[in-house]
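Read top to bottom, the protein sequences are chains A and B.
Counting from 1, one number per residue, gives the positions in the first sequence under full-length UniProt numbering.
Counting from 1, one number per residue, gives the positions in the second sequence under full-length UniProt numbering.
Note sheet for the following structure.
2 protein chains.
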Amino acid sequence: MIVTVTLNPALDLTYPVDALVPHRTHRITEVAERAGGKGLNVARVLHALGEPVLATGLLGGPTGDVVAGLLEADGVPDSFTRIAGDTRRTVAVVDQVDATGFWEPGPVVPAAEWSRFVAHFRGLIGEASVVTLCGSLPPGIPIDAYAVLARVAASAGVPVLLDTSGPALRAGLAAGPAIAKPNAAELAALDPDWNAATLRALTSGSVVVTDGAAGLRAITPDAEFRCVPPVPVTGNPTGAGDACAAALARGLRDGTEWPGMLADAVALGAAAVASPVAGAFDPGVYRELRSGIGTC
Amino acid sequence: MIVTVTLNPALDLTYPVDALVPHRTHRITEVAERAGGKGLNVARVLHALGEPVLATGLLGGPTGDVVAGLLEADGVPDSFTRIAGDTRRTVAVVDQVDATGFWEPGPVVPAAEWSRFVAHFRGLIGEASVVTLCGSLPPGIPIDAYAVLARVAASAGVPVLLDTSGPALRAGLAAGPAIAKPNAAELAALDPDWNAATLRALTSGSVVVTDGAAGLRAITPDAEFRCVPPVPVTGNPTGAGDACAAALARGLRDGTEWPGMLADAVALGAAAVASPVAGAFDPGVYRELRSGIGTC
């Protein structure tokens, strides 16, 4: 079972408008509500692939209840730690040009709740074949939270996939997750002059860098790989990285060799771009690309 | 007891930002949540004035639960009819220039739920001294809903204050509420060439037109009054009309003569402008203006 950790999930609201006009009132005619957060996208993609998955993390308040209800409707099994604070919302106003985002801060998580989650996670780790640690940390959670969880997983012999940014990424890399999967911008924010040598100094694990249509680059402790989509795919890139993360987590579980694993990640990421909704992918595009890429 | 009817309440979310930039992502650091909708503002103002009030209307879903919790925290007594649909949200993104609004549609209310509310309202009307009918109608509610409720109130001898716009205002006026309180723009949308004679053709009751700093104009079946704030007040005009409505509802209950009632409405409206939050007013400004205006 792949356990996906989402410490800062969200209720994602999408408001379609003709055009966003600052300082006007927009009457929204249709609201899309989705359980959001990178880890939940990973869980949904794995569930859609038919892979056994368990979503865990922190949920609280009435917005947390709504997120739990949406996950249930998606059929994704979950075991969240309930917290006193209210799970955040994100609002995406989508007009004919692009999306404008408003991201609420996560709830403040006191130390006692974080300890309770770590204990809960220790209880789940025995059933896990892989753990994914994805997304931002809500306020109050220690910046080395992912390193703490990665060490719990390591002590149980469970490989970890890490996908976050900023100081949480730097601290998490130090714990040597099997794979860290930043995108190119997140890595550049950490070190604008990064290269294989600087990455290997930051982590004992492998790093897979996603770079949109330029595909994936993997820097392992002793090798490098690249994999590029055979055809350009247009659509909604939100959630494409999460689909890549899902493919890498599955590959970790199955002990897939790097070329096959990267080919699968590229195909699933592109199939996610072809789907209008984050956390979903186009199965036809996936099958087609998967057979077209073979191994990288 | 003044009964305030809010058929389309909302969870009002306010997101402060430095500047709203279309097609960018804005990280919100602080979210203000408020029970919104004109009728709930009227209820809060009356409650703050120490007047016995009961808020009724339609609430549903998890967002409805949050609105009920916020009203409870405000200490406003309520007796809402629960519906299956989810109460709407409004998002106001406030930058240093002005607010940008995103208003979700209300939940679709089936005929059976509307009938259930009318029966509930019939049960409350015996305890009411005045009824306020404020705000928009959610989808599914008949356009003459306020006329239906006004007739229930009339049959119990309870005067009605109506504050809405568009077709709901036109249909409501036909039922002859004691006072209709549109603002100048809402009235112009109904009839750009309105005057006392055309208004008297639309309703057997009185009409109070609010016009911002220009004050109030009352057209009764047999007279006209004007009342202007003695000093300009700057601040947040959102909710000022609702404070006026609260003053008029109290005046209706007490049988206050027009000049005194309008003076109170002008003072309370201006005191609401002086408060940064809709549905609240500055008590000091209110006292000062109230003594300054006397009667109009």
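Glycine included, each C-beta is placed from N, C-alpha and C at the ideal position.
Compare the C-alpha of residue i against each of the options and name the closest.
i                      : options                        : result
B:I179                 : B:W194, B:V277, B:T210, B:L162 : B:L162
A:L262                 : A:A249, A:A272, A:V273         : A:A249
B:P138                 : B:S291, B:G60, B:V93           : B:G60
B:T90                  : B:E51, B:G37, B:L124           : B:G37
B:S165                 : B:I83, B:N183, B:A197, B:P16   : B:N183
B:L124                 : B:G215, B:L58, B:A153, B:G212  : B:A153
A:V228                 : A:T4, A:P259, A:A171           : A:P259
B:L7                   : B:V160, B:G106, B:L13          : B:G106
B:W103                 : A:A99, A:P16, A:S155, A:S136   : A:P16
A:I83                  : A:P9, A:G101, A:D191, A:L49    : A:P9
B:R88                  : B:D78, B:R170, B:G64           : B:G64
A:A296                 : A:A267, A:A271, A:E113         : Per the sequence shown, the amino acid found at residue 296 of chain A is Cys instead of Ala. Answer by Cα proximity: A:A267.
B:G235                 : B:P159, B:T100, B:G251, B:A213 : B:A213
residue 305 of chain B : B:T203, B:A243, B:G255         : The structure shown does not extend to residue 305 of chain B, since chain B is modelled only from 1 through 296, so no value can be given for it.
B:A147                 : B:T14, B:L202, B:E257, B:A188  : B:L202
B:G239                 : B:T220, B:G135, B:P221         : B:G135
B:A156                 : B:G126, B:D78, B:P77           : B:G126
B:D78                  : B:R27, B:D18, B:I2             : B:I2
B:G205                 : B:G176, B:A19, B:P230          : B:G176
B:V277                 : B:D193, B:G241, B:T29          : B:G241
B:E72                  : B:H47, B:N195, B:H26           : B:H47
B:G215                 : B:K181, B:E30, B:P221, B:I28   : B:K181
From residue i to residue j, what distance separates their C-alpha atoms?
i                      : j      : result
B:T210                 : B:D74  : 27 Å
A:A35                  : A:A55  : 12 Å
A:G140                 : A:A111 : 7 Å
A:A174                 : B:V97  : 44 Å
B:P62                  : A:V42  : 26 Å
A:V130                 : B:L40  : 50 Å
A:L149                 : A:F121 : 8 Å
B:A218                 : B:P237 : 20 Å
A:L199                 : A:V207 : 8 Å
B:A145                 : B:A168 : 8 Å
A:V233                 : A:V273 : 7 Å
A:G269                 : B:A32  : 37 Å
B:F80                  : B:R226 : 36 Å
residue 316 of chain A : B:L70  : A query on residue 316 of chain A cannot be resolved here, the shown segment of chain A reaching from 1 to 296 and no further.
B:R116                 : B:V109 : 11 Å
A:I143                 : A:A271 : 33 Å
A:D191                 : A:R170 : 10 Å
B:V160                 : B:L13  : 30 Å
A:T256                 : A:A68  : 32 Å
B:R24                  : A:V93  : 10 Å
B:W114                 : B:A189 : 27 Å
A:R151                 : A:L58  : 19 Å
B:E186                 : B:R27  : 35 Å
A:D18                  : B:E30  : 28 Å
Considering just the uninterrupted stretch of the alpha helix (DSSP H) at residue i, what are its terminal residues?
i      : result
B:C244 : 240-254
A:P283 : 283-293
A:F117 : 111-125
A:W258 : 258-273
B:L149 : 145-155
B:P16  : Per DSSP, B:P16 belongs to no alpha helix (DSSP H); it is in the beta strand (DSSP E), 10-16.
A:E104 : Neither: A:E104 is in no alpha helix (DSSP H) and is coded neither H nor E.
B:L190 : 184-190
B:L199 : 196-202
Our contact map puts residue i next to residue j with C-beta atoms below 8 Å; I'd like the distance itself, whole angstroms only.
i      : j      : result
B:G279 : B:V21  : That pair is no contact at about 30 Å.
B:L11  : B:V53  : At roughly 20 Å, the Cβ-Cβ gap does not stay under 8 Å, so B:L11 and B:V53 are not in contact.
A:S275 : A:D282 : 5 Å
A:T132 : A:V5   : 7 Å
B:A265 : B:A247 : 4 Å
A:V158 : A:A119 : 16 Å between Cβ atoms; not a contact.
Just curious, the beta strand (DSSP E) that residue i is in, first and last residue?
i      : result
A:H26  : 25-27
B:A73  : It is not in any beta strand (DSSP E) - B:A73 instead sits in the alpha helix (DSSP H) that spans 61-73.
A:E224 : 224-227
B:T6   : 2-6
B:G36  : 32-36
B:A92  : 88-94
A:V132 : A quick correction: the sequence has Thr, not Val, at residue 132 of chain A. Unbroken beta strand (DSSP E) run through A:T132: 130-134.
Heavy atom of the ligand COA less than 6 Å from the Cβ of residue i, yes or no?
i      : result
B:T256 : You won't find the ligand COA in this model; it holds no ligand whatsoever.
Got a sec: is the Cβ-Cβ distance from residue i to anything in chain C below 7 Å?
i      : result
A:A240 : No chain C appears in this structure, whose protein chains are A and B.
Check: Taking Cβ-Cβ distances below 7 Å as the criterion, which residues of the region 12-44 of chain B are in contact with chain A?
Finding: Y15, L20, P22, H23, R24, T25, H26, R27, I28, T29, V31
Margin query: Can you pull out the residues from the region 159-187 of chain B whose beta carbon lies closer than 9 Å to at least one beta carbon of chain A?
Written below: none
Next item on the list: Output, in sequence order along the chain, the residues in the region 96-107 of chain A whose CB is closer than 8 Å to any CB in chain B.
Entry: So the close ones are V97, D98, A99, T100, G101, F102, W103, E104, P105.
Next item on the list: Report the residues of the region 56-69 of chain A with a CB closer than 9 Å to any CB of chain B, ordered along the chain.
Entry: G61, P62, T63, D65, V66, G69
Note to self: Can you pull out the residues from the region 75-97 of chain B whose beta carbon lies closer than 7 Å to at least one beta carbon of chain A?
What the structure shows: V91, V93, V97
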